[in-house]
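Numbering (this note's numbering), first residue to last: 122 to 396.
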């Protein structure tokens with residue numbers, strides 16, 4: 122069993138019908154995940170309840186865009202680094218696997234600021250999505266990771282590769298990546314990639330994985346329960362650093378008990394009173 126001290130949430134928007142495609146990675150130390158969750162709550166982006174494709178009730182698209190811009194600006198006050206890439210058209214699993222690894226490595230090495238964060242331990246690339254989105258056993262993502270992250274553990278920090286179904290409603294890092302990807306995607310048709318107003322890298326068609334021996338795919342330990350998955354289960358999984366179960370097996374501590382572990386009163390009250 123491995124433990125990660127940093128989470129890199131990765132999510133995408135688009136990839137259909139020849140329109141714009143955006144992928145975003147957001148890196149945050151695990152010990153500061155509460156701060157990121159609190160920021161999402163303060164901006165009324167409602168983590169564990171909503172994401173970019175399910176706008177919080179009563180919020181207009183203009184309001185949502187404004188809040189996501191505020192989210193990006195607020196990253197400067199946190200030990201959060203991020204990076205975004207964008208292009209036009211459809212990208213296959215091979216290409217998207219390489220894109221995910223490149224955007225992750227950019228986020229982990231400082232993103233547009235270029236200042237490498239101080240890592241206190243290993244990190245995990247936690248990609249939103251099911252177990253086959255990059256082929257059988259995520260083979261294309263694993264091949265891309267073997268190429269992109271060769272020697273990365275010696276230069277920066279060890280990186281463990283994983284994915285999480287419904288991760289955009291479970292881990293704040295993926296929630297933030299989801300909101301940013303959705304926002305950037307919505308702006309591209311009018312402004313173009315270069316006119317987005319923030320440093321977004323254009324996808325290069327040469328970004329393809331070779332036939333590398335695939336790296337190991339890790340899986341977060343399951344937080345089990347004997348009932349239908351709820352928002353509370355996803356929040357509890359985040360507190361414990363696990364993943365929500367796909368099938369029930371055995372009971373765990375309720376969210377009310379786990380919330381006492383949190384330092385942030387804002388996050389604690391939100392989880393107990395608003396979910």
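Even for Gly, the Cβ is constructed at its ideal location relative to N, Cα and C.
If you follow the beta strand (DSSP E) that residue i is part of, which residue opens it and which one closes it?
i, result
"residue 284", "280-285"
"residue 297", "Unbroken run through residue 297 is the alpha helix (DSSP H), 293-312; no beta strand (DSSP E)."
"residue 323", "321-323"
Any idea what DSSP makes of residue i, helix, strand or coil?
i, result
"residue 202", "strand"
"residue 232", "helix"
"residue 244", "strand"
"residue 249", "strand"
"residue 289", "helix"
"residue 154", "helix"
"residue 222", "helix"
"residue 340", "coil"
"residue 405", "A query on residue 405 cannot be resolved here, the shown segment of the chain reaching from 122 to 396 and no further."
"residue 382", "helix"
"residue 346", "Bear in mind that the predicted position of residue 346 carries a pLDDT of just 49, short of 50, making it unreliable; the figure below should be weighed with that in mind. Three-state DSSP puts residue 346 in coil, outside helix and strand."
Alpha carbons only, please: which of the options is nearest the one belonging to residue i?
i, options, result
"residue 262", "231, 272, 274 and 281", "281"
"residue 327", "218, 139, 301 and 205", "218"
"residue 140", "170, 207 and 259", "207"
"residue 375", "222, 285, 210 and 355", "355"
"residue 338", "325, 395, 248 and 194", "248"
"residue 257", "214, 266 and 220", "214"
"residue 319", "381, 189 and 151", "189"
"residue 162", "137, 192, 150 and 275", "192"
"residue 260", "197, 333 and 158", "333"
"residue 150", "210, 294 and 310", "294"
"residue 364", "185, 292 and 158", "292"
"residue 273", "336, 308, 395 and 142", "336"
Ignore the nearest five residues each way along the sequence and tell me which others in residue i's own chain have a CB closer than 8 Å to its CB.
i, result
"residue 331", "264 and 268"
"residue 244", "125, 126, 127, 128, 129, 148, 229, 278, 279, 280 and 281"
"residue 418", "A question about residue 418 goes unanswered here, because the residues of the chain that appear run from 122 up to 396."
"residue 283", "245, 246, 247, 248, 338, 339, 340 and 341"
Output needed for residue i: all residues of its chain with C-beta closer than 6 Å, excluding positions within five of it in sequence on either side, in chain order.
i, result
"residue 299", "132, 172, 173 and 289"
"residue 379", "357 and 360"
"residue 286", "251"
"residue 204", "146, 224, 227, 228 and 232"
"residue 241", "126"
"residue 297", "147"
Kindly say whether residue i, judged by its beta-carbon, lies nearer than 9 Å to any beta-carbon of chain B.
i, result
"residue 179", "Chain labels in this structure do not include chain B; a single protein chain is all it has."
From which residue to which residue does the alpha helix (DSSP H) around residue i run?
i, result
"residue 378", "376-379"
"residue 354", "352-361"
"residue 125", "Here residue 125 belongs to no alpha helix (DSSP H), and DSSP marks it neither H nor E."
"residue 264", "260-269"
"residue 386", "386-394"
"residue 276", "273-276"
Run the proximity test for residue i: is its beta-carbon closer than 8 Å to any non-hydrogen atom belonging to the ligand FAD?
i, result
"residue 250", "The ligand FAD is absent from the structure shown, which contains no ligand whatsoever."
Please return the same chain residues whose Cβ sits closer than 7 Å to the Cβ of residue i, not counting the five positions on each side in sequence.
i, result
"residue 452", "Residue 452 lies beyond the range of the chain shown here (122 to 396); nothing can be said about it."
"residue 388", "155, 158, 159 and 162"
**Message:** As an exercise, report each continuous alpha helix (DSSP H) stretch of at least 4 residues that is fully enclosed by the stretch 161-220, in chain order.
**Reply:** 182-195
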